[in-house]
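Participant:
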Amino acid sequence: MNDAKIFVSHSEDDTRKFGHSLGDALMPGVTVLLYGDLGAGKTVLVRGAAEAFGITGVRSPSFTLINEYTSGTGIYIIHADLYRLDPEGVCALGLDEYAGADDAVLFVEWPERWANPPVDDVVRVYFTALNEAEREIRISAYGAKSEEVIKRL
Ligand SMILES: Nc1ncnc2c1ncn2[C@@H]1O[C@H](COP(=O)(O)OP(=O)(O)OP(=O)(O)O)[C@@H](O)[C@H]1O
Ligand SMILES: [Mg+2]
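Quick note on numbering: this note's numbering labels position 8 of the sequence shown as 366, and the sequence is numbered without any gaps.
(1) Out of Val-404, Thr-486 and Gly-501, which one is the CA nearest neighbour of Ile-436?
(2) Report the partner residues of Leu-464 according to the DSSP bridge assignment.
(3) Is Ser-498 closer than 9 Å to Ala-362 when the C-beta atoms are compared?
(4) Would you mind sorting Ile-413 into buried or exposed? The rule is 16 or more other CB atoms within 10 Å of its CB.
(5) Check whether the stretch 460–469 touches the stretch 484–494, taking contact to mean three or more Cβ pairs, one atom from each stretch, closer than 8 Å.
(6) Tell me which residues share the same chain as Ala-491 and place their Cβ nearer than 7 Å to its Cβ, disregarding the 5 neighbours each side in the sequence.
(7) Leaving aside the five residues before and after Pro-476 along the sequence, list all residues of the same chain whose C-beta is less than 7 Å from its C-beta, in chain order.
(8) Compute every distance between the C-beta of Ser-420 and the non-hydrogen atoms of ligand 2, then say whether any falls below 8 Å.
(9) Please report the residue range of the alpha helix (DSSP H) in which Arg-442 lies.
(10) Ends of the beta strand (DSSP E) at Thr-428?
(11) At which residues does the alpha helix (DSSP H) containing Val-477 begin and terminate?
(12) Between which two residues does the alpha helix (DSSP H) carrying Ile-508 extend?
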């Protein structure tokens, strides 16, 4: 099964709020792959999603590569940015340890760099810049858990 939803964001704040709605719908064990150009709004969306878990101030992992946050309920939010990495570097990051873990939600920017991303319980988010301030955000799901996430949106 494969479901898809499209949202048009008119501002950074719109994207952050949409991220919050996605966060409300998410559950541990789901991996969110974020596709889109530099400046598309991937980090903004993760910032909003983390807010739904009570986590504020999410910063871009462009330089740290991976940031880990813990929610008050003990769920780990893992946020990775693979832009600067080659396949070996991605391997070394150990994302497989988090993907599908029953106490973690994994967000990955630039997943094109990940040779073997998980195929089950994956939510894919595709950003297209329509102009300076507007973005089309398309979401599709693979796997029972992530299809449930999309239904809840
Ligand atoms: N509708 C919008 N949604 C999100 N961000 C927007 C929007 N319109 C303008 N922006 C701006 O675009 C930028 C998005 O930055 P963000 O760090 O989220 O991009 P990114 O996709 O994570 O890029 P990178 O690949 O470099 O990490 C911000 O400067 C934000 O103010
Ligand atoms: Mg980013």
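Just so it is clear, CB atoms sit at the ideal spot from N, CA and C, and this is done for glycine as well. It should be emphasised that the depicted structure is a prediction, and the values quoted were computed from it without experimental measurement.
Facilitator: By the coordinates alone:
(1) Within the sequence shown, residue 436 is the residue found at index 78, counting from 1. Nearest C-alpha to Ile-436: Val-404.
(2) Numbered from its first residue, the sequence shown carries residue 464 at position 106. According to DSSP, Leu-464 bridges with Thr-389 and Ile-436.
(3) For this step, residue 362 is matched to residue 4 along the sequence shown. For this step, residue 498 is matched to residue 140 along the sequence shown. It is a contact, given that the beta carbons lie within the stated cut-off.
(4) Working through the sequence shown from its first residue, we reach residue 413 at position 55. The residue is buried, with at least 16 neighbouring Cβ atoms inside 10 Å.
(5) no
(6) The residue labelled residue 491 in the question sits at position 133 within the sequence shown. Correct list, in chain order: His-368 and Ser-369.
(7) The residue given as residue 476 occupies position 118 in the sequence shown. Only Thr-389, Ala-457 and Gly-458 meet the Cβ criterion.
(8) Indexing the sequence shown from 1 puts residue 420 at position 62. Within the cutoff, so yes.
(9) Residue mapping note: residue 442 aligns to position 84 of the sequence shown, counting from 1. No alpha helix (DSSP H) contains Arg-442, which DSSP labels as neither H nor E.
(10) Taking the sequence shown and counting its residues from 1, the one referred to as residue 428 is at position 70. Start and end: 424–428.
(11) For the purposes of this step, residue 477 is taken as residue 119 along the sequence shown, with counting starting at 1. Taken as a continuous stretch (DSSP letters only), Val-477 belongs to no alpha helix (DSSP H), as it is neither H nor E.
(12) Counting from 1 along the sequence shown, the entry for residue 508 is found at position 150. Taken as a continuous stretch (DSSP letters only), the alpha helix (DSSP H) holding Ile-508 covers 502–510.
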